[in-house]
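Student: Position one of the sequence shown corresponds to residue 29 (my numbering), numbered consecutively onward.
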Amino acid sequence: MYKPPVKQSGGLLSTKAKIEVHPTKPLVRLLLDTGEKIVLSKDNCPNIVINGEFYVTLSDDQEKLFSIKPIEGLFLCQVSRFAAKPGEAPAPKTFHGDKWDYQYFVVLLKIIEGKLAGIEIPYSLRYYFADVDGEVGLSHPTSKYHPLLADFLEITGVWEKGPIKYQDNILPILEKRILAAKRKFNVLVKDGWVDRVFTLKNSSEPEDVSDDEELVPEPEPEAWDETAPF
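(1) Between which residues of its own chain and Glu-235 is the CB-CB distance below 8 Å, once the five residues before and five after are set aside?
(2) Report the rounded CA-to-CA distance for Phe-82 versus Arg-109, giving the unit in angstroms.
(3) Do Asn-72 and Lys-53 have their beta-carbon atoms positioned less than 8 Å apart in this structure?
(4) Should Phe-157 be labelled buried (16 or more other beta-carbon atoms within 10 Å of its own) or exposed?
(5) So what does Tyr-83 bridge to, in DSSP terms?
(6) Taking Cβ to Cβ, would you say Pro-98 is nearer than 8 Å to Leu-144?
(7) Are the stretch 158-169 and the stretch 191-206 touching, with three or more C-beta to C-beta distances below 8 Å?
(8) Taking all protein chains shown into account, do 16 or more other C-beta atoms lie within 10 angstroms of the C-beta of Thr-170, making it buried, or fewer, making it exposed?
(9) Helix, strand or coil: which one does DSSP assign to Pro-175?
(10) Which first and last residues belong to the beta strand (DSSP E) in which Arg-57 is found?
(11) With a threshold of 6 Å on Cβ separation, who are the neighbours of Val-134 within its own chain once the five nearest residues in sequence on each side are excluded?
(12) Below 8 Å between beta carbons: does that hold for Asp-88 and Leu-40?
(13) With a CB to CB cut of under 6 Å and the five nearest residues on each side skipped, what residues in its chain are close to Phe-94?
(14) In whole angstroms, what separates the C-alpha of Phe-103 from that of Arg-211?
(15) Would you grab the beta carbon distance between Ile-96 and Ile-140 for me? Rounded to a whole angstrom, and I think it's under 8 Å.
(16) Buried or exposed: where does Phe-180 fall if 16 or more other Cβ atoms within 10 Å of its Cβ makes it buried?
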């Protein structure tokens, strides 16, 4: 079903698009959900860009493709990094809503198997941490977002080395522990967003997905149409 493009902060545009990579020339063509077609140089695209349908993030002038992410699917992933400005340590951000504000942080989950290997999926989590007798504890236990954070921390191995001494920003410590643990886990994506993460039964067999979570198969890539104007 069609969804209108979304204008994000910083002048970015997020929308669904069909991507076609030219087989011989350094060109990438995007057919946006709006029906608009644009052609970009591969120099203005991420390192990993392939044929298929994705959610894409473009510059407002539509001259640069910043990122692509899958629309739906089940993927084997590892944490790549925590989102942060270049040269800065990760830190919680604040969302200012009409009724209340909250803090959150974004983790990038890298796909490590299949033809989408290398693509990073952003995962937004609430910054629900509290000082419990000088150690890091979790807050907001009745929030529906609390279990998502608790599961993520356990799955990625944060608590393997025991408690963490509390400080105002614990994200650099979490990132260091998670990258050292090198955990692999399943990520279920629905409509471009991480629906849930869960552990593997073993190193080669992913957990079953229930019938109400049936995944849409990825579209087969199509050949570049040399007759189309670009």
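Glycine residues also receive a C-beta, built at the ideal position from the N, C-alpha and C atoms.
Tutor: In short:
(1) Per-residue confidence for Glu-235 stands at a pLDDT of 45, beneath the threshold of 50, marking its modelled position as unreliable; no derived number is given.
(2) Rounded to the nearest angstrom, the two C-alpha atoms are 21 Å apart.
(3) For the 8 Å CB-CB criterion, Lys-53 and Asn-72 do not form a contact.
(4) It counts as buried.
(5) Answer is Lys-44 and Lys-97.
(6) Against a cut-off of 8 Å, the Cβ pair of Leu-144 and Pro-98 comes out as a contact.
(7) Flag = yes, the stretch 158-169 and the stretch 191-206 touch.
(8) Exposed.
(9) Of the three classes helix, strand and coil, the one that applies to Pro-175 here is helix, per DSSP.
(10) Looking at the DSSP string, the run of the beta strand (DSSP E) that includes Arg-57 is 55-60.
(11) Around Val-134: Ala-111, Pro-150 and Ser-152.
(12) In terms of Cβ geometry, Asp-88 and Leu-40 form a close pair [threshold 8 Å].
(13) Scanning its chain for C-beta atoms nearer than 6 Å, with the 5 sequence neighbours on each side dropped, one finds around Phe-94 the residues Thr-85, in chain order.
(14) The alpha-carbon separation between Phe-103 and Arg-211 amounts to approximately 14 Å.
(15) Not a contact, Cβ separation roughly 16 Å.
(16) Counting of Cβ neighbours within 10 angstroms places Phe-180 among the buried residues, the total reaching 16 or more.
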